[in-house]
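**Q** These protein sequence lines are chains A and B, in that order.
If you're matching positions, the first sequence starts at 1 in my numbering and goes up one per residue.
If you're matching positions, the second sequence starts at 1001 in my numbering and goes up one per residue.
This is the structure I have questions about; it appears just below.
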Amino acid sequence: MMTRRVTPDTSPLVVRPSAFGFRASFGLRISVFGFLLAPVLCLSVFASSPDSFFQSGVTAYRAADYARAAVDFRQSVSLQPASGALQALGNAEWQQRRTGDAILAWEQALWLDPFNQAARENIRFARKVEQIEGPELAWYEVISTWLPVGWWAWIAGGSLWMAVGTGYIPGVLRWRKRTWHQAIAALALMVFLLTIPALLGVQSRARIGFVLQKDTPLRLTPTLEAQAVTRLAPGEPARWVRARGRYILIRTSRALGWVEQGQFGLTCPNAGSRPG
Amino acid sequence: MSLMISQPQINIAAEPRATASFDPPIVRPGEEAFYRVVFDALEESIESPGKLAAPPQLEVQPGAHGQILQMAGGSLQPRTSFNYRVRATSLGTFTLPEFVVKVYDKPVTVPAAQLEVVAEPPATVRPAERLLLEVPVTNLVVGQAVAVRMVLPGLPGGAVQGLGQPQLSGQGFLVDLGAVRQRIEMIRHNGTTLPSYIYETMLTPVATGNLTVMAQGFTAGNRFSGPIVITGAAIIPGAPPQYTLLESDPVVLNVRPLPTEGELPGFTGAIGRLALGQPSLVTNVLRVGDPVKLTVTVTNSGEGPLARLVPPPPPRASDWQVFAASDFAPVQAVPVRQSPRVPQPGAGVRQDAVEGVVTFSYTLIPLVTTVTGTPPIPFSCFDPKTGTYADLTIPSVPVTVRPGAAPANLSAVVQGASAGETERELVLHGLPATRGRTAATLVPPQQQAWFPIMALAPAVAFLGLWSWDRRRRYLEQHPEVVLRRRARRALRRQWRILQRAGRAADGPRFAAAAVSAMRVACAPHYPAEPRALVGADILPLLPEPDRLGQPGKVVRRFFEVTDAANFGTRPPNPADLLPLRPDLERVLQQLEDRL
């Protein structure tokens, strides 16, 4: 559903300052003009901010206009991804019976913030209702779910350089070697080594996606006339393998096959564009 | 099997037939008529007629469709009707042409039908019969039950007939067939009081948004399904019923979701203006391990009927074992202070009208003697009138517990056994209050182009630190490098001073700067303090031929003049040295080259 947004009228921009009758000085005219323009600019910026779209979506959701709520939440997420906005988007999609989109949005909410308990329980609820299995994660992928995906890289980098720095800087600065220097270096090195599996887990989890449409055919070949191996339920997890034209090769827990790109959504949207 | 055999046989016609007609056959422009197609076949066997090829002057909208079985000669004959709402925009006679529909996989021709549109229809033509659907509240929340009624107004002569297969059609709501009541009473319709057939039931929306509800049913003559209450005079025709499918105008319900804000503990979906009675125990003096029954009544004094209430789940208490209400009683009718549940047109419903009462029962077993009251049982309801949740927690009832025959560790045994039953029921959580944790993108940092640069920035810093440390260690081992560098800086400084003094023809300053420049340029070679050097220390650093040549003379001359100025009785005129500036600069250049 398309929505049309009314932005504040910016016509004062073309009104000459002299029209307001201030002729004392050019500086005075500029300041008065700026004073009048500032609220208009602030309003126009706020009207297209992620927060305003989120609030608009909440209002539409409470009025049971789930289609509009989904559009607003999606706009908010496209401007700035946020765990709560993705959770709300999942709710709006769920209310429209779009299970695949709902589960994808909730998974993305957890991808950003694994401490979002509401999104986690919503996924469990949806999977129980729709009788859908969750993705099977390897041990290093499970570790990567303990913290937000963005944290692991920073923890790894920070701990590595802290280990290097704590071992090197005292010598350069001619500080006396102390036990705690070595303890910090060892601890940082240990943290760095522990984050490596989590980094691998993030990399491989980025290729997990979810079937979006009902009865999505899993094709034997990437062609329109291909034989369907099976049909997938919305919200069913699969792993992205590679792309060819407008088809992508995915591996589900049951089979390997091709689906159309529009029928499959990745948790990390750009993961599919990287070479495997 | 005998029961099945005793049932009348359903007569499936070998050659199904169809009839089509307009009701009424003559209408005014803009007046609605029903185009009714009737088959003597089962509904499932008929392919939907779909869109009709109507003349452009007729606006045709699909209406109700349904099936009823009528007794004919000892067997049941199916009768399926498809209604269409037709509205003509201009005067004239319009014909819906015949068309073919597949019935039992055989083609059946539906005959053509004619509708006459005139400015003034004859008085003998009655308008089409239609049902009235009355819904007292159309702004609802999900789960809020509302009493609806279908009304079939009687004929002007007082004749009234019942409805067969009455039903509410639409999506997103449940109809409680257990709450059906039917009666015949006098109601006012179109300015005339007529005996009318009323069919009441209860509707509960289960989906949000705008829901369209429509009533439909077959005229059934004197055939009533179930008991019926007749109030006042009414003529019920004895002739066989015609089984005409009637329908009402659609009613749109605006259904909102329940708010998540302010939801109270113990909410089980109860909606209405409920009030809690005083909880009562069979006895207030108990013994450990002996069960006791707690009973509490919930009364509804709101506009809507009391729907099927779900009692709150038994609470978990360390000192009590509480069981769910196994003998939960269904809604019981109580004397209603105002008889009709659905308001009459123009008449309001009293706000305090009691619509029903329900009883919750719990079995409680005290586990210790120290308790003094039953555990409170959280319960709440949503009041659609105020839009808020109301707390109806069943309060604690004071009790006295005495030791019983149960073992002393009964509490520990019971709590341990129930520890495994704590799995929470999954529910869909509502919207979050804020946008939550944000990120610039869903792509993790390690997959972004800038991350390698950012990750290697500390390496660059460490490399710089290493280079600085290496240089520092080298300089510590070679201090002459530092001395020469300092000397070069000092030489250039003095050189600039003497150049300024030369341009200003300031002889004393020029001479002092020249001597100082030569000293600082030579000091690293000894090494020595620059001020301690004399002209004889400068000369060895000049090339052999220059020592005796003009450069040597210049050096000696400058030192002589400055020494005489500092220590002599008759200071010479340093301005005489100014013409020696080019020679001095050559000397300084030679000294700088040696640094």
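Ideal Cβ positions, reconstructed from N, Cα and C, are used throughout, including at glycine.
#1: When we look at the beta-carbon of B:Asp1352 and count the other beta-carbons within 10 Å, is it buried (16 or more) or exposed?
#2: Would you kindly work out how many angstroms separate the C-alpha atoms of B:Pro1265 and B:Cys1381, rounded to a whole number?
#3: Please report the distance separating the alpha-carbon of B:Ser1318 from that of B:Val1371.
#4: Which residues in the same chain have their Cβ closer than 7 Å to the Cβ of B:Ala1512, if we skip the five residues on either side of it in sequence?
#5: Closer than 9 Å, Cβ to Cβ, to anything on chain A: give me those residues from the region 1430 to 1445 of chain B, in chain order.
#6: Just how far apart, CA to CA, sit A:Ile208 and A:Pro269?
#7: Given 8 Å as the limit, is there contact between the region 1517 to 1525 of chain B and the region 1478 to 1490 of chain B, that is, 3 or more CB pairs closer than that?
#8: Along the region 1451 to 1472 of chain B, what residues have a CB closer than 7 Å to any CB found in chain A?
#9: Suppose the cutoff is 7 Å on Cβ atoms and the five residues either side in sequence are ignored; what does the same chain contact list for A:Glu93 look like?
#10: Under 9 Å between beta-carbons, which chain B residues line up against A:Pro81? List them in chain order, please.
#11: Using only the alpha-carbon positions, how far apart do B:Phe1173 and B:Leu1246 sit?
#12: In or out: B:His1478 buried (at least 16 other Cβ within 10 Å) or exposed?
#13: Following the continuous alpha helix (DSSP H) through B:Ala1275, name the residue where it begins and the one where it ends.
#14: Considering A:Tyr61, what are the terminal residues of the alpha helix (DSSP H) in which it resides?
#15: In chain order, what residues of the same chain have a beta carbon less than 7 Å from the beta carbon of A:Arg239, not counting five sequence neighbours either side?
#16: If we require 4 or more residues per run, which alpha helix (DSSP H) segments fall completely within the region 1479 to 1531 of chain B?
#17: Ignore the nearest five residues each way along the sequence and tell me which others in B:Tyr1104's own chain have a CB closer than 7 Å to its CB.
#18: Using only the alpha-carbon positions, how far apart do B:Arg1473 and A:Arg176 sit?
#19: What residues are listed by DSSP as bridge partners for B:Leu1140?
#20: For the region 114 to 134 of chain A, enumerate the residues whose C-beta is nearer than 7 Å to any C-beta of chain B, in chain order.
#21: Could you tell me whether the Cβ of B:Gly1209 comes closer than 9 Å to any Cβ of chain A?
#22: Less than 9 Å between CB atoms is the rule here; does A:Ala85 satisfy it with respect to chain B?
#23: I'd like to check one pair, A:Ala109 with A:Gln87: are the Cβ atoms closer than 9 Å?
#24: Please report whether the beta-carbon of A:Tyr61 lies at a distance below 9 Å from any beta-carbon of chain B.
#25: Less than 7 Å between C-beta atoms, sequence neighbours within five positions excluded: which residues of the same chain meet that for B:Gly1232?
#26: Let me know the secondary structure DSSP gives B:Arg1028 once reduced to three states.
#27: I need the straight-line Cα distance from B:Ala1207 to B:Thr1260, nearest angstrom please.
#28: Under 8 Å Cβ to Cβ from A:Val142, same chain only, skipping five residues before and after it: list those, please.
#29: Should the region 160 to 173 of chain A be called in touch with the region 208 to 227 of chain A, which here means at least 3 C-beta pairs below 8 Å?
#30: If contact is defined by three or more beta carbon pairs under 8 Å, each pair taking one atom from either stretch, is the region 1085 to 1104 of chain B in contact with the region 1051 to 1063 of chain B?
#31: Please list, in chain order, all residues of the same chain as A:Ile169 whose beta carbon is under 6 Å from its beta carbon, the five residues on each side excluded.
#32: Who pairs with B:Gln1070 in a beta bridge, going by DSSP?
#33: To which residues of the same chain is B:Ala1505 closer than 8 Å at the C-beta, ignoring the five residues directly before and after it?
#34: Just mark B:Asn1566 as buried or exposed, buried being the case when its beta carbon has 16 or more other beta carbons within 10 Å.
#35: Sort B:Val1481, B:Arg1471 and B:Pro1166 by Cα distance to B:Arg1130 and report the nearest one.
#36: What separation, rounded to the nearest whole angstrom, lies between the Cα atoms of A:Leu112 and B:Thr1204?
**A** In short, the structure shows the following:
#1: Along the second sequence, read from residue 1 onward, the residue named residue 1352 of chain B stands at position 352. Since pLDDT at B:Asp1352 reaches only 47, below the 50 mark, its modelled position is unreliable, and the value read off the structure follows with that caveat. Its Cβ having fewer than 16 others within 10 Å, B:Asp1352 is exposed.
#2: Counted from its first residue, the second sequence places residue 1265 of chain B at position 265. Counted from its first residue, the second sequence places residue 1381 of chain B at position 381. Distance between the alpha carbons of B:Pro1265 and B:Cys1381 is about 10 Å.
#3: Within the second sequence, numbered from 1, the residue matching residue 1318 of chain B stands at position 318. Within the second sequence, numbered from 1, the residue matching residue 1371 of chain B stands at position 371. The straight-line gap from Cα to Cα measures roughly 10 Å.
#4: Sequence index remark: in the second sequence, residue 1512 of chain B carries index 512 (1-based). Cβ neighbours of B:Ala1512 beyond the five flanking positions: Thr1562.
#5: Gly1430, Leu1431, Pro1432, Ala1433, Thr1434, Arg1435, Gly1436, Arg1437, Thr1438, Ala1439, Ala1440, Thr1441, Leu1442, Val1443, Pro1444 and Pro1445
#6: Along the first sequence, read from residue 1 onward, the residue named residue 208 of chain A stands at position 208. Along the first sequence, read from residue 1 onward, the residue named residue 269 of chain A stands at position 269. If you draw a straight line from the Cα of A:Ile208 to the Cα of A:Pro269, it is about 10 Å long.
#7: yes
#8: Phe1451, Ala1455, Pro1458, Phe1462, Leu1465 and Asp1469
#9: In the first sequence, counting from the first residue as 1, residue 93 of chain A sits at position 93. So the list reads Ala70, Asp101, Ala102 and Ala105, once near-sequence residues are dropped.
#10: Position 81 of the first sequence, counted from the first residue, corresponds to residue 81 of chain A. Those are Thr1438, Ala1439, Ala1440, Thr1441 and Leu1442, listed as they occur along chain B.
#11: Mapped onto the second sequence, residue 1173 of chain B falls at position 173. Mapped onto the second sequence, residue 1246 of chain B falls at position 246. Taken atom to atom, the span from the alpha-carbon of B:Phe1173 to that of B:Leu1246 is near 21 Å.
#12: On the second sequence, residue 1478 of chain B is found 478 positions in, with the first residue counted as 1. Exposed, by the Cβ-count rule.
#13: Locating residue 1275 of chain B in the second sequence gives position 275, where the first residue counts as 1. That residue, B:Ala1275, is in no alpha helix (DSSP H); its beta strand (DSSP E) goes Leu1274 to Leu1276.
#14: Looking up residue 61 of chain A in the first sequence gives position 61. Residues Pro50 to Arg62.
#15: As a first step, residue 239 of chain A is located in the first sequence; it is residue number 239 there, counting from the start. Same-chain partners within the cutoff: Arg207, Ile208, Ile250 and Arg251.
#16: Correct list: 1479 to 1503 and 1507 to 1522.
#17: If you number the second sequence from 1, residue 1104 of chain B lands on position 104. Excluding residues within five positions, the ones whose Cβ falls inside 7 Å are Pro1016, Ala1041 and Ser1045.
#18: On the second sequence, position 473 is the one that residue 1473 of chain B refers to. On the first sequence, position 176 is the one that residue 176 of chain A refers to. Going from the Cα of B:Arg1473 to the Cα of A:Arg176 covers about 18 Å.
#19: For the purposes of this step, residue 1140 of chain B is taken as the residue at position 140 of the second sequence. Under DSSP, B:Leu1140 shares a beta bridge with B:Val1255.
#20: Asn116, Ala118, Glu121, Asn122, Arg124, Phe125 and Lys128
#21: By one-based count along the second sequence, residue 1209 of chain B stands at place 209. Yes - at least one Cβ of chain A is within 9 Å of the one on B:Gly1209.
#22: Within the first sequence, residue 85 of chain A is the residue found at index 85, counting from 1. Yes, A:Ala85 counts as interfacial toward chain B.
#23: Start at 1 with the first residue of the first sequence, and residue 87 of chain A comes out as number 87. Start at 1 with the first residue of the first sequence, and residue 109 of chain A comes out as number 109. Yes, these two residues count as a Cβ contact at 9 Å.
#24: Within the first sequence, the letter at position 61 stands for residue 61 of chain A. Judged by the 9 Å Cβ criterion, A:Tyr61 is in contact with chain B.
#25: In the second sequence, the residue the question calls residue 1232 of chain B occupies position 232. These residues qualify, in order along the chain: Glu1185, Met1186 and Pro1195.
#26: Against the second sequence, residue 1028 of chain B aligns to sequence position 28. Looking at B:Arg1028 - three-state DSSP - the assignment turns out to be coil, as it is neither helix nor strand.
#27: Start at 1 with the first residue of the second sequence, and residue 1207 of chain B comes out as number 207. Start at 1 with the first residue of the second sequence, and residue 1260 of chain B comes out as number 260. So the alpha carbons of these two residues sit roughly 16 Å apart.
#28: Within the first sequence, the letter at position 142 stands for residue 142 of chain A. Cβ within range, chain order: Gly201.
#29: no
#30: yes
#31: In the first sequence, counting from the first residue as 1, residue 169 of chain A sits at position 169. Here the set comprises nothing.
#32: The residue you call residue 1070 of chain B lines up with position 70 of the second sequence. Bridge partners of B:Gln1070: B:Gln1077.
#33: Looking up residue 1505 of chain B in the second sequence gives position 505. Taken in chain order, the residues that qualify are Ala1575 and Leu1578.
#34: Along the second sequence, read from residue 1 onward, the residue named residue 1566 of chain B stands at position 566. Residue environment analysis places B:Asn1566 among the exposed positions, since fewer than 16 neighbouring C-beta atoms fall within 10 angstroms of its C-beta.
#35: The residue given as residue 1130 of chain B occupies position 130 in the second sequence. Nearest option by C-alpha distance: B:Pro1166.
#36: Locating residue 112 of chain A in the first sequence gives position 112, where the first residue counts as 1. Locating residue 1204 of chain B in the second sequence gives position 204, where the first residue counts as 1. If you take the alpha carbons of A:Leu112 and B:Thr1204, they lie about 39 Å apart.
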